[in-house]
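The listed protein sequences derive, respectively, from chains A and B.
Here our numbering = 1-based position in the first sequence + 56.
Here our numbering = 1-based position in the second sequence + 56.
All C-beta atoms in this analysis are idealised placements derived from N, C-alpha and C, irrespective of residue type, glycine included.
There are 2 protein chains.
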Amino acid sequence: MIKHFTKDEILESDSFFRRNLINCLSGYKSLNLIGTKSPEGISNLAPFSQVFHIGASPPLVGILFRPHTVKRDTLENILETGYFTMNQVSPSFYKEAHWTSARWEGSEFLHTGLEELYLDDFSAPYVKGSPLQLGCQLVETQTLKVNQTVFVIGSIEHIYVEEKGLRTDGSLDLNVLESVTVSGLDEYHVAKKLARLSYAKPDREVEEI
Amino acid sequence: MIKHFTKDEILESDSFFRRNLINCLSGYKSLNLIGTKSPEGISNLAPFSQVFHIGASPPLVGILFRPHTVKRDTLENILETGYFTMNQVSPSFYKEAHWTSARWEGSEFLHTGLEELYLDDFSAPYVKGSPLQLGCQLVETQTLKVNQTVFVIGSIEHIYVEEKGLRTDGSLDLNVLESVTVSGLDEYHVAKKLARLSYAKPDREVEEI
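Below, the structure is given as structure tokens:
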């Protein structure tokens, strides 16, 4: 059976129901902890599920932030200092990763049990034990007219990855890295590969590679 | 063992290696087939992995398109007609979904075995059998200065979802819907839930709900 919602029915639904539903529609999302440091030297860590590939040459990453209408430590630290880290989450610390989203006073590292790590004189903190860590520098921001969502683009300055997950062709085995994926607002998953598929061409069916 | 790449090492690496690596860094991505129709009436279907939640009230979705420097049927059809559908992919047709990315002459529906479906006088085609289908209308586009990536925002006008995946709180059980997630350029996965977690507060550890 198929359930159909029109836009009017969505808008008239309970706000909690609507928020859950709409947040699930985009499907599985990546999960990264973004580490920053304020100009005053206070470290910050927060979970983000809206991270995107922008380009490979130069290597760029994009992050969507909710409208900047209330205090948002991560966004403000990035805008003020220009640096941030992205740290993928594994099952051994996904609950601590979720917990960083609480309204803590002071650094999330002091409260949640996650440990900060500083590498290569990079000013923003990495998360110790994360299987895939990126050190990034702010390049550009844009604000969407429709609802003031903020889109931040960063250049990838450093990549640290557990070697067991790096294949010889450059691709990463996220199953081996045990990257966690998130759906909606609060649901966490691991993934299991179906297949890698050959480059798609009209003259032959795709094959597993 | 941790492998470290600096930006210079990334830029100097083989272009195939670099493309694979950088495309994997954002983690697991959602997979949607976007259905459109040209002003001349030719339907089009293409896979997209860069789809985002923009807002719940009104319900909005965002899609990133590669720079508009070559012919891009999906983007052009959206800009010219204002309408598109998004269709989540399940394991029963992920190979056909991948195959839609080949350079077909004419409609991908004619070649790949996927069937088009028209609902509620909506002009863009849905994919028959998809467990979660959205009918969307163009709201806004922005082009990123850094590399001319195009960001398209659509309003969600219709949602069709298999009832077995819709929970009473509005959230979707993507494991039950068997939504497929993609990593890098060519690797497909299903997911398995770890847990849903309670709203994070500083005064107590998060719990499974």
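Leaving aside the five residues that flank threonine 237 of chain A on each side, the residues in its chain whose CB is nearer than 7 Å to its CB run, in chain order, Tyr84, Lys85, Ser86, Leu87, His245, Ala247.
Not a single CB atom of chain A sits nearer than 7 Å to the CB of histidine 124 of chain B. Pairing valine 195 of chain B with tryptophan 155 of chain A gives a Cβ-Cβ distance that is not under 7 Å. In the structure shown, glycine 221 of chain A adopts helical secondary structure according to DSSP, grouped into three states. If only uninterrupted alpha helix (DSSP H) runs of at least 4 residues are considered, those enclosed by the segment 118–185 of chain B are 129–137, 150–155, 165–168. Every beta strand (DSSP E) of 3 residues or more that sits fully in the segment 231–258 of chain B is shown, in chain order, as 237–239, 243–252. The Cβ neighbour count for arginine 159 of chain A, taken over all protein chains shown within 10 Å, is under 16; the residue is labelled exposed.
The beta-carbon of glycine 83 of chain A is placed less than 7 Å from the nearest beta-carbon of chain B.
Under the Cβ distance rule, leucine 170 of chain A does not count among the residues neighbouring chain B, no pair being separated by less than 7 Å.
Close to lysine 63 of chain A, with beta-carbon spacing below 8 Å, are these residues of chain B in chain order: Pro114, Pro115, Ser211, Ile212, Glu213, His214. Chain B has no Cβ within less than 7 Å of the Cβ of valine 183 of chain A. Serine 179 of chain A is outside the set of residues whose beta carbon lies under 7 Å from a beta carbon in chain B.
Around phenylalanine 73 of chain A, the beta-carbon contacts reaching into chain B at under 8 Å are Asp225, Gly226.
Linking serine 239 of chain A to leucine 230 of chain B through their CA atoms gives a straight-line distance of about 8 Å. Contact between the segment 63–70 of chain B and the segment 215–235 of chain B is absent: fewer than three C-beta pairs spanning the two stretches fall below 8 Å.
Secondary structure at serine 227 of chain B: coil, using DSSP grouped into helix, strand and coil.
Under the three-pair Cβ rule at 8 Å, the segment 130–150 of chain B counts as touching the segment 90–105 of chain B. Around the beta carbon of serine 113 of chain A, fewer than 16 other beta carbons sit within 10 angstroms, so the residue counts as exposed. Asparagine 88 of chain A reaches chain B at Ser82, Gly83, counting residues in chain order whose Cβ is nearer than 9 Å.
The three-state reading of DSSP puts leucine 77 of chain B in helix, counting H, G and I together. Among the CB atoms of chain B, one or more fall inside 7 Å of the CB of arginine 252 of chain A. Under the DSSP assignment, isoleucine 110 of chain B falls in the beta strand (DSSP E) whose first and last residues are 107–112. Distances from the alpha-carbon of leucine 89 of chain A to those of A:Met142, A:Val206, A:Leu81 put A:Met142 closest.
Look at glutamate 96 of chain B here: in three-state DSSP terms it is coil, with no helix or strand label. The closest CA to that of lysine 220 of chain A, considering only A:Tyr182, A:Pro187, A:Pro115, A:Phe140, is found on A:Pro187. The contact set of asparagine 203 of chain B on chain A, defined by CB atoms closer than 8 Å, consists of Ile110, Gly111, Leu116 in chain order.
Boundaries of the alpha helix (DSSP H) around glutamate 68 of chain A: 63–68. Counting only runs that start and end inside the segment 190–220 of chain A, the beta strand (DSSP E) elements of at least 3 residues fall at 206–218. In this structure, A:Lys151 is the residue among A:Gln106, A:Lys151, A:Leu116, A:Phe104 with its C-alpha nearest to the C-alpha of lysine 257 of chain B. Of all alpha-carbon atoms in A:Glu213, A:Asp259, A:Asp129, the one lying nearest the alpha-carbon of aspartate 177 of chain A is that of A:Glu213. If you draw a straight line from the Cα of glutamate 171 of chain A to the Cα of proline 123 of chain B, it comes to about 39 Å. The beta carbon of valine 107 of chain B sits closer than 6 Å to those of Ser86, Asn88, Ile119, all from its chain and outside the five residues before and after it, given in chain order. Nearest CB-CB separation between proline 258 of chain A and chain B: below the 7 Å threshold. Rounded to the nearest whole angstrom, the CA to CA distance from histidine 167 of chain A to phenylalanine 104 of chain A is 19 Å. Serine 235 of chain B is positioned such that its CB atom lies no closer than 7 Å to that of asparagine 76 of chain A.
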